[in-house]
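Under the numbering used here, the residues of the sequence shown are numbered -3 to 979, in order.
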Amino acid sequence: MKPSSPGRWCPSVQTLRRCASSPSKESLPRLRALGLLQRAASALGIGLLAPLAAAQVAPVAAFVTNPSPARGEERLLVQFLDRSTGAVTAWNWDFGDGTGSSAQSPLHLYLFGKFDVTLTVSGPAGSSSFTLDEAVEVGAIPPTALATMPVPMPAQLGEFVTDMERAVELGKALFWDVQLGSDGLTACASCHYHAGVDNRPRNTLHPGANGTFEPTLSGRGRGPNTRLNTGDFPFTKFLDPNDGLQLLAETDDRRGATGVFKTEFAGLDGGGTDLGLDQDDELFQVGGTDTLQATGRDAPTTIGAVFFHRLFWDGRANHFFNGRNIWGNADPNSPSVLEKLPDGSLGEVEVLLDNAAAASQAVGPPLSGVEMSWAGRSWPEVGRKMIPRQPLASQTVDASDGVLGDLANLGGPGLAPDLAYADMIRAAFGERWWGSEELTADGFTQMEANFTLFFGLAIQCYEATLIPDQAPFDRFRSGDFAALSEREQEGLSFFLGRGRCITCHDTPMFAGSLRGEVLHNAPDEGEGLLERMVLQNSLATATLVFATNPGLGELPLSFNPYRKPVSLYSQDPALLLATMRLPSGQRCPPAGVVEFPILATEHVSPLARFSGLVRIESDGNCNLRVVVSFEWNSAGPSFYWYEIDIGGQRFPLLIPPASNQAVYDNGFYNIAVRPSTDDPGVGGSGPFGPLSLTRRVQRGEDIGQLTRIGTVAPNERVAVNGAFKTPTLRNVELTGPYMHNGSMATLEQVVEFYARGTDFGDVNWRDKDIDVAGFGISEQEKADLVAFLKALTDPRVRFEQAPFDHPELPLKAGHVGDDSSVASDALGNGLLVIEHRPATGAGGGPAIPAFVDRLAASITVAPVFETNAIARVALICDKPPKANVWVRLVTSDPAVATVSPSEVLFRPESWRATQLVDVTRVQAGTGPAPVVLMTSSARSTDPEFARLAIVDLGIDFDPTTAVGPDTAPRGPNRPSSGPAGLR
């Protein structure tokens, strides 16, 4: 069956006039189509109702389209021209989208989709039908309803789980249980409690790549325990957010998720809190008082996570679950779990369950010294703590909970008082995995030793129930064409057409890297794990790696690299292309990385943008990796075979010609939110090598799955640095903040980011996805697109109804105090503020808010440019007001400078319009003239804005120290901040 979507139609002028008089019965698009219909009919030289044929012969239906073929990118108006023969007295059109017409040659407006169109004609001598398959094609095809996508589960799950219902109960209890954390206050749900994400506005900042907290963009906070407000977003702020030409402010800080205090694990004592040795935290502290740590990336949603091929933003949670850690088949140590042998003894067995990224992901955070655990805790120790405990012992469970209600303790918190996790494990898993009485060499029981296996699979089984498939869009794609409003359909049209959002969000989950998208039984069934993309430039790249302990694709480092010349030669003809001499150094240097450039000779064109580098990595234990790399564009050398000479030893190197094609991990894209050097994403490395499947295949590793494109040549160009997994847009209204660094608070800010064509596109030119190139968009189109995105929200998620109901959750919400002072306990740790989220049952509770609704209102004051005589300042309202908002402005010394206008007004209907004021120097001069632009508290009947304090701005009329129109970095075209010679 071909998917279809509704267009919009009015069959005749009479009908259109009737629509105008009865808007409650006819959709607004039909009214707007009147002008289009009349103009199109006039241009085509036809009437909307042609004369009837008079001959009394059998009718034969036929028609053509104008345009022909009827193809377009978005919003296509099609004229259907009747070409039937015989005696025809009636026409019945089926436009293929659930609508039709009785006009002879009607006009019809399509927004998106492919459509089969049928004309049935009838007359005194009979009737006839004619169907034109795929008569109309507009834009891309919208994804199907999510219910059409099977939920992938491990094929081998039955070897472990004997009762799926009991496994789901176990998984839900473990997911929401705060006893799991070393502090007795942190569950998996602590970072995934709100539509699967963490929307706490306080104590969630991370210092970013430079390791230093910067003042927030509103000027009202800095670092740990900061309460974010709307003025702090987006983290890269422009005067006009649609074009990105004038940068106002930016920060490399990130908004992550709240974790635990920095503590070293010291054992268990049977209590809910692990024993630990408190560690001084130089980073996450306020005035010497340690605060909770925060993660370096935003927490992706767990709702629908079961569909993904890999998880985490960088894909490090492997598709295969090995029962021990997140790395799956990337772990070369062949981890094993314990099985009970027929004689009751223990044996080791390797497991590798497919379709199990959710299980792999689940077993990562509980041992993270930032997220949930005191550093150094092991999974058997987690098992020893949890197995004898009453599930959810300190948390109320609603008696109507869709999964745990029958097990709830009706007389108090937790599940039944006589129930322990050990009982739930026995009920869900086969005895083979827990039944032995033999202890391990470390003194753990089989159940304790295998707890990571139980935990990962139980969480996967629970998350497999979190399928958000009842959004208005799903009803729409299932045939309820009224499920999306006119504005939402306009937004979907933009999503599929000019916005090109569908390019990356083209699955029923509106996400990339889904198991069903990238895995197939045959290479030609669809897109694969790896694909090749066209980029905006051509490059030749090459790398040769020498290592003390060589891994896949590496050569043995059998020589001391220091004080040796390093040169690149072409073979035929033999030309010296680049050279340098390494300085002296220790054969066993301290841990760290040093880099040395290799300089091009006269045989390389200056237009080649040549880059050569020697990178020496040391682990501090006499183990070295020497990485020699080269890069140039199409103006550079075009040979195939080269040689690297290191101190007289020559190594052959094949470098393909510069190409604008690169291999990438399907579903992972560099969209230039931040420079790739800030966070390499899937281009980074783990303990066993590269995270990217592209690089794993390139170095000769067997990843255990078909790639579709086969192998990747050793020096073939790849595009993985700075690339992140395409997240789901399901429930996106509720899953802010957005992007891997949590840098955008609203969907409007996300749309504006794509409209201006990224923020660091020129910096990330090597790897940036060419489809993120920007587009024009009006405020109405922006509102329509956001309206469509909100139509992807499942109301059960909004109201926390089953299966999205949950136990009570105590939530760490920062510390007593603020970002400048925090009250401390006896250990020097900040006193916690605890918010309690009540349990919900199957019927749900109040609607949960969007992230922006938790942020306080703000008005940003930012310099635009400054000269010796005048400074222009922008005032930006950061949250929609419910009433007019006035701000008065004066200067601290009117004898030095005046301000005009002296008052600005933000109206609810135009609040997004930036207000500009000019501060003018009274006396001409060339030296600095310091003055402060002082703002009054806002005046408004909106309580959020009434008496809102606004930050003042210092001005000195010194253009050498100010951001000006010619000195400001300019959005995606800003200069690279990387090493000289690299672009």
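Ideal placement from N, C-alpha and C gives every residue a C-beta, glycine not left out.
All values reported here derive from a predicted model rather than from experimental measurement.
- Note on geometry: alpha-carbon atoms of residue 554 and residue 856 lie some 59 Å from one another.
- In the DSSP assignment, residue 750 falls outside any beta strand (DSSP E) and within the unbroken alpha helix (DSSP H) covering 743 to 751.
- Looking at the DSSP output, residue 381 bridges to nothing.
- In the three-state DSSP reduction, residue 429 falls in the helix class (H, G or I).
- For the 9 Å CB-CB criterion, residue 450 and residue 429 form a contact.
- With fewer than 16 other beta carbons inside 10 angstroms of its own, residue 584 counts as exposed.
- Between the beta-carbon of residue 860 and that of residue 242 there is about 7 Å, and that keeps the pair under the 8 Å contact cut.
- Its Cα nearest to that of residue 577, the residue 591 stands out among 568, 201, 569, 591.
- Boundaries of the beta strand (DSSP E) around residue 657: 655 to 661.
- As the crow flies, the alpha-carbon of residue 463 is around 8 Å from that of residue 142.
- In this structure, the CA atom of residue 632 is about 19 Å from the CA atom of residue 641.
- In this structure, the CA atom of residue 186 is about 16 Å from the CA atom of residue 389.
- Burial state of residue 658 is buried, judged by a 10 Å Cβ sphere holding 16 or more other Cβ atoms.
- Spanning the alpha carbons of residue 77 and residue 661 requires a straight line of approximately 47 Å.
- When the alpha-carbon of residue 481 is set against those of 276, 782, 625, the nearest one is in 782.
- With contact defined as three or more Cβ pairs closer than 8 Å, the segment 299 to 313 and the segment 108 to 116 are not in contact.
- Per DSSP, the beta-bridge partners of residue 740 are 734.
- Taking residue 345 as reference, the option from 945, 890, 445 with the minimal CA-CA separation is 445.
- Of all C-beta pairs linking the segment 318 to 336 to the segment 224 to 241, fewer than three are shorter than 8 Å, placing the two stretches out of contact.
- The segment 744 to 753 and the segment 508 to 524 do not touch, with fewer than 3 CB-CB distances between them shorter than 8 Å.
- Under the three-pair Cβ rule at 8 Å, the segment 117 to 133 does not count as touching the segment 280 to 287.
- According to DSSP, residue pairing for residue 785 in a beta bridge does not occur.
- About 6 Å separates the beta carbon of residue 815 from that of residue 218, a gap short enough to meet the 8 Å contact definition.
- Membership of residue 648 in the beta strand (DSSP E) is indicated by the continuous run 645 to 650.
- Partner residues in the beta bridge of residue 274, as assigned by DSSP, are 259.
- With a 10 Å radius around the Cβ and a threshold of 16 neighbouring Cβ atoms, residue 721 comes out buried.
- Short of 7 Å from the beta carbon of residue 360, and not among the five residues preceding or following it, lie these beta carbons of its own chain, in chain order: 313, 322.
- Under DSSP, residue 948 forms no beta bridge with any residue.
- It is roughly 8 Å from the alpha-carbon of residue 181 to the alpha-carbon of residue 807.
- By the neighbour-count criterion, in which a residue is buried when 16 or more other Cβ atoms sit within 10 angstroms of its Cβ, residue 878 is exposed.
- Taken in chain order, the complete beta strand (DSSP E) segments of 3 or more residues contained in the segment 804 to 879 are 805 to 811, 828 to 833, 855 to 862, 866 to 873.
- Around the C-beta of residue 873, 16 or more other C-beta atoms lie within 10 Å, and the residue is accordingly described as buried.
- DSSP lists 563, 646 as the bridge partner or partners of residue 641.
- Counted as a single uninterrupted DSSP element, the beta strand (DSSP E) harbouring residue 246 occupies residues 243 to 246.
- Secondary structure note for residue 628: it is in no alpha helix (DSSP H), and the uninterrupted beta strand (DSSP E) holding it is 620 to 628.
- The segment 194 to 201 and the segment 245 to 262 touch, with no fewer than 3 CB-CB distances between them shorter than 8 Å.
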